[in-house]
Each structure stands twice: as C-alpha cells, then as structure tokens.
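S.K.: Would you mind keeping the following structure in view while I ask a few things?
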Amino acid sequence: QSAGTLLPSVDGSGSATRNKSAETTSGSDATYSEYQAGFDASWELDLFGANRRGVEAARYGLDASQEELRSTLLTLIGDVASYYTQARGYQARIALARRSAASQRQTAELTRTMAQAGTATA
Numbered sequence: 394q395s396a397g398t399l400l401p402s403v404d405g406s407g408s409a410t411r412n413k414s415a416e417t418t419s420g421s422d423a424t425y426s427e428y429q430a431g432f433d434a435s436w437e438l439d440l441f442g443a444n445r446r447g448v449e450a451a452r453y454g455l456d457a458s459q460e461e462l463r464s465t466l467l468t469l470i471g472d473v474a475s476y477y478t479q480a481r482g483y484q485a486r487i488a489l490a491r492r493s494a495a496s497q498r499q500t501a502e503l504t505r506t507m508a509q510a511g512t513a514t515a
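To convert, count from 1 in the sequence shown and add 393; that's my numbering.
Pasting the structure below:
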C-alpha cells in the first residue's frame, strides 16, 4: 500500500456541447449549448490503522531490501578483495618459479660446460 490510501480521493469531470436542432415549426434552426460538471470526493476512514500499518510495513520492507543490498555489496567487495589478493599471490609464485627455473637452467649449463672442460663431474 502507499501513502495515497491515507489521503482523500478526489475526482472531477466536465463537458460542454453545442447542438443544432432540425428546423422548428417557426422555420428557423435552434442552436443550444449544454454544460455538465461533476465532482466526487471520498475518504476511506482508517478506524483501526490498517492503512497506516500497511504504509509502515511497506517502508520497513523497503528498509530491509536496502540493508540486504548493502550486505550483498559488502560481501561482493570482500570477495573481490580476497580473490585479488589470491591472484597477486599466484603471480608472485609464478614469478618465483620462473626465476628458480632460470637459475636451474644456468646451473645445468654451467655444470655441463665444466664437465666438458673436465673440471667437474656430471
């Protein structure tokens, strides 16, 4: 329900017409105008506060929905931050693994070179 149920309902209408009748007995045409206006107003009495309670319930429902949205956004932000931190950790591990592999290739190459020169055993 909305706050509109707490206020009066007002309705208005109006019309105007201009008519021309067929020839009268005197031999002339008769032209006449008609005007109508209407007005209605009503107000539902809220003796036991049902309408007011309905409006309050709708407001509380809106507040609850907004809090649920905030909670969802906080969860989303937390998840994004957590996944970002994990991704950065994985990037650091990959960089370390690449440096370690490059170091091991260099060590293997040096060992091969020294073995070929006869200064080390393979």
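Think of the CB as a built atom: it goes at the ideal place given N, C-alpha and C, for glycine as much as any other residue.
Note that the structure is a prediction, hence the values are computed from the model and not measured.
Could you pull the DSSP bridge partners for asparagine 412 from this structure?
M.R.: On the sequence shown, residue 412 is found 19 positions in, with the first residue counted as 1. Note: asparagine 412 sits in a beta bridge opposite Tyr425.
S.K.: Let's test the definition: count the other Cβ atoms within 10 Å of the Cβ of asparagine 412 and tell me whether it reaches 16, buried, or not, exposed.
M.R.: As a position in the sequence shown, residue 412 is number 19, starting the count at 1. Result: exposed.
S.K.: Between the Cα of alanine 434 and the Cα atoms of Val403, Asp422 and Leu440, which residue gives the shortest distance?
M.R.: Here residue 434 refers to the residue found at position 41 when the sequence shown is read from its first residue. Val403 is the residue among Val403, Asp422 and Leu440 whose C-alpha sits nearest the C-alpha of alanine 434.
S.K.: For alanine 485, list the residues DSSP reports as bridge partners.
M.R.: Counting from 1 along the sequence shown, the entry for residue 485 is found at position 92. BP columns for alanine 485 are empty, so no partner.
S.K.: So if DSSP puts phenylalanine 432 in a beta bridge, which residue, or which two residues, is it bridged to?
M.R.: Here the question's residue 432 lines up with position 39 in the sequence shown. Answer by DSSP bridge pairing, in chain order: Gly405.
S.K.: What's the C-alpha gap between threonine 469 and serine 475?
M.R.: Start at 1 with the first residue of the sequence shown, and residue 469 comes out as number 76. Start at 1 with the first residue of the sequence shown, and residue 475 comes out as number 82. Residue identity differs from the one stated: residue 469 is leucine in this sequence, not threonine. Each residue's Cα considered, the two are about 10 Å apart.
S.K.: Within this structure, are the beta carbons of glutamate 427 and threonine 410 separated by less than 8 Å?
M.R.: Start at 1 with the first residue of the sequence shown, and residue 427 comes out as number 34. Start at 1 with the first residue of the sequence shown, and residue 410 comes out as number 17. Result yes, Cβ atoms of glutamate 427 and threonine 410 sit closer than 8 Å.
S.K.: Just verifying my parser: in three-state terms, what is the DSSP assignment at glutamate 437?
M.R.: Position 44 of the sequence shown, counted from the start, is the residue given in the question as residue 437. Of the three classes helix, strand and coil, the one that applies to glutamate 437 here is coil, per DSSP.
S.K.: Which residue from Ala415, Ser414, Gly431 and Asp422 puts its Cα closest to that of alanine 408?
M.R.: Position 15 of the sequence shown holds residue 408. The sequence shown places serine at residue 408, rather than the alanine named in the question. Here the closest residue by C-alpha is Gly431.
S.K.: Indicate the three-state DSSP secondary structure (helix, strand or coil) for threonine 468 in the structure shown.
M.R.: As a working note, residue 468 is residue 75 in the sequence shown. DSSP places threonine 468 in helix when its eight states are reduced to three.
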